[in-house]
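Chains as they are written, first to last, in this note's numbering: chain A, 283 to 359; chain B, 49 to 194. Cβ coordinates follow ideal geometry from the N, Cα and C atoms, glycine included.
This is the structure we're talking about:
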């Protein structure tokens with residue numbers, strides 16, 4: 283399935299893009315993370331959370347065709 | 049009735065005129081006896097001898113607007129407020145300028161003291177906004193909330 287992946291802040295500097303489509307054949311977010319870490323090894327050492335449908339989600343979440351965001355620590359205000 | 053989430057983002061700094069006008073608009077709401085206002089200002093912190101000249105804010109806007117809305121609803125549940133406004137900058141805000149404006153109003157003062165702190169802390173913790181701190185020599189670092 284084709285997933286729409288978004289990267290923000292520091293993470294988008296590492297990936298060199300804010301958004302990309304990734305073809306993913308696994309099932310959980312952990313598997314997606316492995317795929318993304320393979321592409322961007324530096325990302326693995328960074329502090330981040332994942333969001334799906336405007337909520338922070340954990341790595342064992344099962345994926346359906348949708349948007350996933352990689353979010354570095356929040357620093358609003 | 050389900051309320052529609054408001055857009056809280058403002059491009060660039062929040063001006064003192066905007067803040068003044070917001071206060072003035074409440075003169076017709078005469079059940080209010082107390083306002084409390086938080087203004088977040090960009091600090092010219094020093095790092096390795098260089099000063100921060102501005103912060104460039106970006107956000108995961110869809111999620112941020114949803115989170116601002118949840119915080120709003122939760123605050124109205126917890127505290128006896130008449131009204132509440134939140135504005136956050138996106139884009140470039142120079143040091144000394146305002147990047148966050150939170151405005152809570154109630155018939156009584158004790159509610160607004162508690163409510164304002166709650167809202168600001170919730171925003172810092174839950175809203176996906178990211179600050180890129182720019183130095184005078186065009187280098188940068190990513191802001192970390194403390």
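What residue range is occupied by the uninterrupted beta strand (DSSP E) comprising residue i?
i: residue 132 of chain B; result: 131–142
For residue i, which residues in the same chain have their Cβ closer than 7 Å to its Cβ, ignoring the five residues on either side in sequence?
i: residue 60 of chain B; result: 137, 139, 140 and 141
i: residue 184 of chain B; result: 98, 99 and 101
i: residue 168 of chain B; result: 86 and 150
Inspect the beta-carbon positions of residue i and residue j and report whether they are closer than 8 Å.
i: residue 145 of chain B; j: residue 89 of chain B; result: yes
i: residue 285 of chain A; j: residue 303 of chain A; result: yes
i: residue 291 of chain A; j: residue 106 of chain B; result: yes
i: residue 71 of chain B; j: residue 135 of chain B; result: no
i: residue 153 of chain B; j: residue 129 of chain B; result: yes
i: residue 314 of chain A; j: residue 293 of chain A; result: no
i: residue 103 of chain B; j: residue 155 of chain B; result: no
i: residue 301 of chain A; j: residue 288 of chain A; result: yes
i: residue 193 of chain B; j: residue 357 of chain A; result: yes
What first and last residue would you give for the alpha helix (DSSP H) that runs through residue i?
i: residue 184 of chain B; result: Careful: residue 184 of chain B lies outside any alpha helix (DSSP H) and carries neither H nor E.
Taking its Cβ as the centre, do 16 or more other Cβ atoms sit within 10 Å of residue i, making it buried, or is it exposed?
i: residue 299 of chain A; result: exposed
i: residue 351 of chain A; result: buried
i: residue 318 of chain A; result: buried
With 8 Å set as the bound, which would you pick, yes or no: does the beta-carbon of residue i sit closer than that to a beta-carbon of chain B?
i: residue 273 of chain A; result: Outside the displayed span of chain A (283 to 359) sits residue 273 of chain A, for which this structure offers no information.
i: residue 285 of chain A; result: no
i: residue 290 of chain A; result: yes
i: residue 357 of chain A; result: yes
Leaving out the 5 sequence neighbours to the left and right, which residues in its chain are closer than 8 Å to residue i when beta-carbon positions are compared?
i: residue 310 of chain A; result: 341, 342, 343, 344 and 345
i: residue 161 of chain B; result: 84
i: residue 77 of chain B; result: 130, 131 and 153
Would you say residue i faces chain A, with C-beta separation under 8 Å as the test?
i: residue 191 of chain B; result: yes
i: residue 106 of chain B; result: yes
i: residue 88 of chain B; result: yes
i: residue 177 of chain B; result: yes
i: residue 168 of chain B; result: yes
i: residue 131 of chain B; result: no
List, in order along the chain, the chain C residues whose C-beta lies closer than 7 Å to that of residue i?
i: residue 110 of chain B; result: Note that chain C does not occur in the displayed structure, where the protein chains are A and B.
Among residues of its own chain, excluding the 5 on either side of residue i, which ones have a beta-carbon nearer than 6 Å to its beta-carbon?
i: residue 92 of chain B; result: 99, 100 and 143
i: residue 56 of chain B; result: 116, 134, 135 and 136
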